[in-house]
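Asker: Residue numbers (this note's numbering): 94 to 335.
In this text, a Cβ means the ideal position worked out from N, Cα and C, and glycines have one as well.
One structure follows; several queries about it will come next.
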């Protein structure tokens with residue numbers, strides 16, 4: 094009963110509302126939009142580095158961007174959402190978050206002691222690790238934020254309770270009725286046993302009382318019989334003497 098009330102209106106004051114506090118759908122949607130914006134911002138940071146540093150061909154004099162990068166340009170990371178934060182498809186020139194780390198491995202160069210590339214490549218191992226870390230954070234937000242938000246607005250719990258109420262509660266109610274009927278029969282049996290025990294436990298006492306009461310009656314009857322017989326004998330003797 095409590096689960097059904099909470100499923101129908103999780104925001105109302107029910108038996109489970111204090112145990113499972115839920116936010117409204119508007120707050121959840123706002124959190125989801127913010128998570129999408131953060132994902133796009135992370136992708137933008139990664140692509141800014143790829144376009145500005147990795148895929149550029151600066152001269153040796155440009156010490157801020159030059160580390161002897163060379164070779165084919167490195168593909169940018171795919172934006173999972175457009176400017177309206179709606180889902181979008183990746184283009185053929187972009188790499189998805191799922192396989193970016195594998196694709197970018199081919200663009201790693203070997204470095205010297207000074208940190209300069211000594212082989213063909215667009216990123217150093219350290220830069221590659223930083224880019225992959227940013228991709229992993231974006232991937233985690235994209236794939237784990239919606240399920241976590243479903244916990245926040247209690248959608249997951251609501252669906253679970255609905256399944257329990259529809260699949261398990263009806264058989265449970267039927268079984269509980271059988272259990273209650275069995276307990277009722279047991280209670281009646283115990284009550285009858287108690288009554289019979291009280292009756293039969295007091296039976297020897299009643300027989301003893303009856304025996305004590307019947308003994309004076311027998312003695313009194315015997316005395317009356319003896320007195321009657323004596324009187325009859327006296328009367329008979331007197332009659333004979335006459």
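According to DSSP, is residue 126 helix, strand or coil?
Answerer: By 1-based counting over the chain shown, the position of residue 126 is 33. In the structure shown, residue 126 sits in a helix (DSSP, three-state: H, G or I).
Asker: For the structure I just gave you, are there three or more beta carbon pairs, one from the region 210 to 221 and one from the region 169 to 182, closer than 8 Å?
Answerer: Counting Cβ pairs under 8 Å, fewer than three are found: no touch.
Asker: The alpha helix (DSSP H) spanning residue 193 covers which residue range?
Answerer: Along the chain shown, one-based indexing puts residue 193 at 100. Residues 193 to 197.
Asker: DSSP three-state label for residue 164, please.
Answerer: As a first step, residue 164 is located in the chain shown; it is residue number 71 there, counting from the start. In this structure, residue 164 counts as coil in the three-state DSSP scheme.
Asker: Secondary structure at residue 257, three-state DSSP: helix, strand or coil?
Answerer: Counting from 1 along the chain shown, the entry for residue 257 is found at position 164. In this structure, residue 257 counts as helix in the three-state DSSP scheme.
Asker: Going by DSSP, which residues form a beta bridge with residue 170?
Answerer: The count along the chain shown starts at 1 and reaches residue 170 at position 77. 188, per the DSSP bridge assignment.
Asker: Going by Cα to Cα distance, which pick from 224, 293, 219 is closest to residue 192?
Answerer: Translated into positions along the chain shown, residue 192 becomes position 99. The shortest C-alpha separation from residue 192 is found at 224.
Asker: Given a cut-off of 7 Å on the beta-carbon distance, is the pair residue 187 and residue 169 in contact?
Answerer: As a working note, residue 187 is residue 94 in the chain shown. As a working note, residue 169 is residue 76 in the chain shown. Contact flag set, yes.
Asker: Is the separation between the beta-carbon of residue 167 and that of residue 200 shorter than 7 Å?
Answerer: Position 74 of the chain shown, counting from 1, holds the residue named residue 167. Position 107 of the chain shown, counting from 1, holds the residue named residue 200. Closer than 7 Å, so yes.
Asker: For residue 213, name the three-state secondary structure that DSSP assigns.
Answerer: In the chain shown, counting from the first residue as 1, residue 213 sits at position 120. Residue state, collapsed to three classes: coil.
Asker: According to DSSP, residue 180 sits in a beta bridge with which residue or residues?
Answerer: The residue given as residue 180 occupies position 87 in the chain shown. Answer is 174, bridged to residue 180.
Asker: Quick one: what's got a C-beta closer than 6 Å to residue 327's C-beta in the same chain, skipping five residues either side?
Answerer: Sequence index remark: in the chain shown, residue 327 carries index 234 (1-based). At residue 327 the pLDDT is 48, less than 50, meaning the model places this residue with poor confidence; the figure from the coordinates comes in the next sentence. Taken in chain order, the list of residues that qualify is empty.
Asker: Label residue 135 either buried or exposed according to how many other C-beta atoms from any shown protein chain fall within 10 Å of its C-beta, with 16 as the threshold for buried.
Answerer: Counting from one through the chain shown, the residue named residue 135 turns up at place 42. So residue 135 counts as buried.
Asker: Leaving out the 5 sequence neighbours to the left and right, which residues in its chain are closer than 7 Å to residue 147 when beta-carbon positions are compared?
Answerer: What you label residue 147 is simply residue 54 of the chain shown in a count that begins at 1. Hits under 7 Å: 162, 167, 215, 216.
Asker: If you draw a straight line from the alpha carbon of residue 267 to that of residue 261, how long is it in whole angstroms?
Answerer: Position 174 of the chain shown holds residue 267. Position 168 of the chain shown holds residue 261. Residue 267 and residue 261: Cα-Cα distance of roughly 10 Å.
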